[in-house]
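Visitor:
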Amino acid sequence: MIRFLVLLTIGLAAGGLLAFLMVRDPGYVLVAYDGVAMETSLWFALACFVALAVLVYLVAFLVRRTARSGFAVSGWFRWRRVAKARNRSLEGFMLSAEGRWDEAKQALLESADRVDTPLANLVAAARAANELDRYEERDAILARARESTPQAAFTVELVRAELQRAAGQWARSIATLDALRERAPRHPVVLKGLFEAHRHLDDWDAVAELAPSLPKEAAPDMADIHAAAWRARFAKVKASDHAAEHARKAWKAMPKQLRTDEGLVLDHVDALAGDAPVEAEAALRQALKKAWREAWVRRYASVGADPVKQLAIAKQWQKRRPDDPVLLLTLGQLSAATGNTDEAKSYLEASLEHREDPATLAELGRLCSKNGDHDAANDYLDRALALKP
Numbered sequence: 030m031i032r033f034l035v036l037l038t039i040g041l042a043a044g045g046l047l048a049f050l051m052v053r054d055p056g057y058v059l060v061a062y063d064g065v066a067m068e069t070s071l072w073f074a075l076a077c078f079v080a081l082a083v084l085v086y087l088v089a090f091l092v093r094r095t096a097r098s099g100f101a102v103s104g105w106f107r108w109r110r111v112a113k114a115r116n117r118s119l120e121g122f123m124l125s126a127e128g129r130w131d132e133a134k135q136a137l138l139e140s141a142d143r144v145d146t147p148l149a150n151l152v153a154a155a156r157a158a159n160e161l162d163r164y165e166e167r168d169a170i171l172a173r174a175r176e177s178t179p180q181a182a183f184t185v186e187l188v189r190a191e192l193q194r195a196a197g198q199w200a201r202s203i204a205t206l207d208a209l210r211e212r213a214p215r216h217p218v219v220l221k222g223l224f225e226a227h228r229h230l231d232d233w234d235a236v237a238e239l240a241p242s243l244p245k246e247a248a249p250d251m252a253d254i255h256a257a258a259w260r261a262r263f264a265k266v267k268a269s270d271h272a273a274e275h276a277r278k279a280w281k282a283m284p285k286q287l288r289t290d291e292g293l294v295l296d297h298v299d300a301l302a303g304d305a306p307v308e309a310e311a312a313l314r315q316a317l318k319k320a321w322r323e324a325w326v327r328r329y330a331s332v333g334a335d336p337v338k339q340l341a342i343a344k345q346w347q348k349r350r351p352d353d354p355v356l357l358l359t360l361g362q363l364s365a366a367t368g369n370t371d372e373a374k375s376y377l378e379a380s381l382e383h384r385e386d387p388a389t390l391a392e393l394g395r396l397c398s399k400n401g402d403h404d405a406a407n408d409y410l411d412r413a414l415a416l417k418p
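For the sequence shown, this note's numbering gives the first residue as 30, with consecutive numbering after it.
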């Protein structure tokens with residue numbers, strides 16, 4: 030209040046002084062230009078100048094306010110566009126979670142250019158295209174992702190390899206990951222992706238080479254890897270000409286610790302059996318001396334060598350294992366192969382007493398059918414089918 034009174038007093042004093050000066054001497058101002066002259070009092074000229082200054086100030090003020098309003102409106106529209114893009118992007122991610130891939134892809138692509146992180150939108154859109162089996166479109170979207178965020182090129186290629194594997198494009202995935210491996214030889218995701226792709230393609234040599242490089246938490250059992258590699262090799266051997274000769278060489282080259290592997294022993298026997306059944310029988314018999322495996326005993330009956338000799342050997346085994354249901358099945362099959370159907374039936378029925386096995390039931394069904402007992406044959410075969418998964 031005191032400040033107001035002080036200012037009011039100063040204002041009145043200044044006004045009074047100004048009025049006194051105006052009355053005392055009005056002054057004189059002459060403005061002449063190009064033959065035109067204008068005369069007025071000093072005080073009027075000063076008043077006009079002040080009025081002009083106030084007018085200029087007001088015009089400048091209005092111009093600044095208008096400009097600020099324009100910027101505010103522009104900013105508001107920009108904010109609206111960003112908010113709309115953000116909502117559309119969120120909608121795309123929700124549609125992806127629901128598996129509505131086509132709608133999700135469209136929403137994500139529409140909003141990609143207007144959000145702060147276009148990479149996330151484009152990667153999700155590429156996944157949607159992959160789910161729709163639109164692989165060319167997927168690759169085009171990933172190229173756009175690389176352009177949008179050049180520093181994420183490595184990440185984008187990892188995503189490409191992952192999507193290629195998901196689409197069953199194993200060879201393409203390997204090519205993508207090989208290129209990445211040149212840039213990052215020990216990257217765990219690259220190594221695991223290559224391992225998975227080569228394993229799916231049964232490229233076991235590559236799998237064995239990659240396995241030691243995998244992170245400890247993802248490292249497989251090397252014995253299993255090497256066994257799988259040799260199984261793949263024997264599969265090629267069995268399909269080749271002169272399979273027995275190639276099987277001998279492969280078995281000789283195989284590490285000794287793998288020669289007791291159940292599957293590899295059978296692969297070796299299978300490769301020999303076509304051209305050298307006697308050698309296959311000897312190999313399987315030697316394996317059974319070292320370890321008694323049901324799968325090997327089952328295979329012994331069908332190895333294709335001399336059934337009479339095999340039956341005699343199997344009877345020697347029975348002395349040590351009289352109640353072994355698989356050995357009794359093998360004895361029945363070998364007896365049938367020699368033509369002794371009564372003995373075969375006796376062995377098969379004895380096997381059935383210890384274990385109801387689909388193979389034993391099927392063998393009895395065939396034997397009964399051969400002997401003309403079709404009702405019994407049908408009963409055995411029905412029981413065999415009922416036991417099969």
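We put the CB at the ideal spot given by N, CA and C, even for glycine.
In three-state DSSP terms, what is T146?
Guide: Three-state result, T146: coil.
Visitor: Could you tell me if H227 is buried or exposed, where buried requires 16 or more neighbouring beta carbons within 10 angstroms of its beta carbon?
Guide: Classification for H227: buried.
Visitor: Helix, strand or coil for E68, going by three-state DSSP, please let me know.
Guide: Looking at E68 - three-state DSSP - the assignment turns out to be strand.
Visitor: Can you tell me the Cβ-Cβ gap for R163 and A136, rounded? I've got them flagged as a contact below 8 angstroms.
Guide: Not really, about 16 angstroms apart at Cβ, beyond 8 angstroms.
Visitor: Would you grab the beta carbon distance between V332 and E310 for me? Rounded to a whole angstrom, and I think it's under 8 angstroms.
Guide: Contact holds; Cβ gap of about 5 angstroms.
Visitor: Pick helix, strand or coil for H227, following the three-state DSSP scheme.
Guide: Helix at H227.
Visitor: Could you check which residue in T146, R189 and N400 has the C-alpha nearest to that of R167?
Guide: Considering only alpha carbons, the answer is R189.
Visitor: Can you give, in chain order, each stretch of the alpha helix (DSSP H) that sits fully within the region 184-220 and has at least 4 residues?
Guide: 199-212, all fully within the region 184-220.
Visitor: Can you tell me whether T389 is buried or exposed? The criterion is at least 16 other CB atoms within 10 Å of its CB, across all chains shown.
Guide: Answer is buried; the Cβ neighbour count reaches 16.
Visitor: If distances are taken between C-alpha atoms only, which option among L357, H229, S125 and K285 comes closest to L340?
Guide: Looking at the Cα atoms, L357 is the closest of the given residues.
Visitor: Whole angstroms is fine: what's the gap from A213's alpha carbon to V219's?
Guide: Each residue's Cα considered, the two are about 8 angstroms apart.
Visitor: If you measure between the beta carbons of G292 and R260, is that distance less than 7 angstroms?
Guide: It is a contact, given that the beta carbons lie within the stated cut-off.
Visitor: So N407 is in the alpha helix (DSSP H); what residue range does that whole segment cover?
Guide: Where N407 is concerned, the enclosing alpha helix (DSSP H) stretches over H403 to L416.
Visitor: Taking only three categories from DSSP, how would you classify M123?
Guide: M123: helix per DSSP, three-state reduction.
Visitor: Enumerate in chain order the residues of its own chain whose CB-to-CB distance from T367 is below 7 angstroms, with the five nearest sequence positions on each side excluded.
Guide: P336, V337 and L340, listed in sequence order.
Visitor: With DSSP as the reference, label A116 as helix, strand or coil.
Guide: Looking at the sequence itself, residue 116 is Asn, so the reference to Ala does not match. Helix at N116.
Visitor: Quick one: residues in its chain with C-beta nearer than 8 angstroms to the C-beta of A320, no 5 flanking neighbours on either side, listed in chain order?
Guide: So the qualifying residues of the chain are T289.
Visitor: Specify, as a first and last residue, the run of the alpha helix (DSSP H) that K285 falls within.
Guide: Per DSSP, K285 belongs to no alpha helix (DSSP H) and is neither H nor E.
Visitor: Which residues mark the beginning and the end of the alpha helix (DSSP H) in which W325 is found?
Guide: Unbroken alpha helix (DSSP H) run through W325: E323 to Y329.
Visitor: From which residue to which residue does the alpha helix (DSSP H) around L313 run?
Guide: Where L313 is concerned, the enclosing alpha helix (DSSP H) stretches over P306 to K319.
Visitor: How long is the line joining the alpha carbons of T178 and A240, rounded to whole angstroms?
Guide: Cα to Cα, T178 sits roughly 33 angstroms from A240.
Visitor: Is A82 buried or exposed, if buried means 16 or more other CB atoms sit within 10 Å of its CB?
Guide: Label assigned to A82: exposed.
Visitor: Determine whether the beta carbon atoms of A273 and L301 lie at a separation below 7 angstroms.
Guide: Yes. Within cutoff.
Visitor: Please classify C397 as buried or exposed, where buried requires at least 16 other C-beta atoms within 10 Å of its C-beta.
Guide: So C397 ends up on the buried side.
Visitor: From A282 to H275, what does the alpha carbon distance come to, in whole angstroms?
Guide: Going by the C-alpha atoms only, they are around 11 angstroms apart.
Visitor: Note down the Cα distance separating D253 from A279, rounded to an integer number of angstroms.
Guide: So the two alpha carbons sit approximately 18 angstroms from each other.
Visitor: Would G361 pass as a contact of A343 if the rule is Cβ separation under 7 angstroms?
Guide: No, they are not a contact pair.
Visitor: Which whole-angstrom value is the C-beta distance of V298 and A334, which I expect to be below 8 angstroms?
Guide: Not really, about 11 angstroms apart at Cβ, beyond 8 angstroms.
Visitor: Please name the residue in A379, F122, E392 and L230 whose C-alpha comes closest to that of A413.
Guide: Per the Cα distances, E392.
Visitor: Reducing DSSP to helix, strand and coil, say where H271 ends up.
Guide: Coil, per DSSP.
Visitor: For the alpha helix (DSSP H) that contains D131, what are its first and last residues?
Guide: It spans W130 to A141 - the alpha helix (DSSP H) in which D131 sits, taken as one unbroken run.
Visitor: Pull up the distance between the alpha-carbon of V102 and that of L91, whole angstroms please.
Guide: Note that V102 has pLDDT 47, beneath the 50 cutoff, so the model's placement of it is unreliable and the number below is only indicative. Spanning the two alpha carbons is a distance of roughly 16 angstroms.
Visitor: Rounded to the nearest angstrom, what separates S202 and L171 at their Cα positions?
Guide: Between S202 and L171, the C-alpha separation is close to 14 angstroms.
Visitor: Leaving out the 5 sequence neighbours to the left and right, which residues in its chain are closer than 8 angstroms to D404 when beta-carbon positions are compared?
Guide: None.
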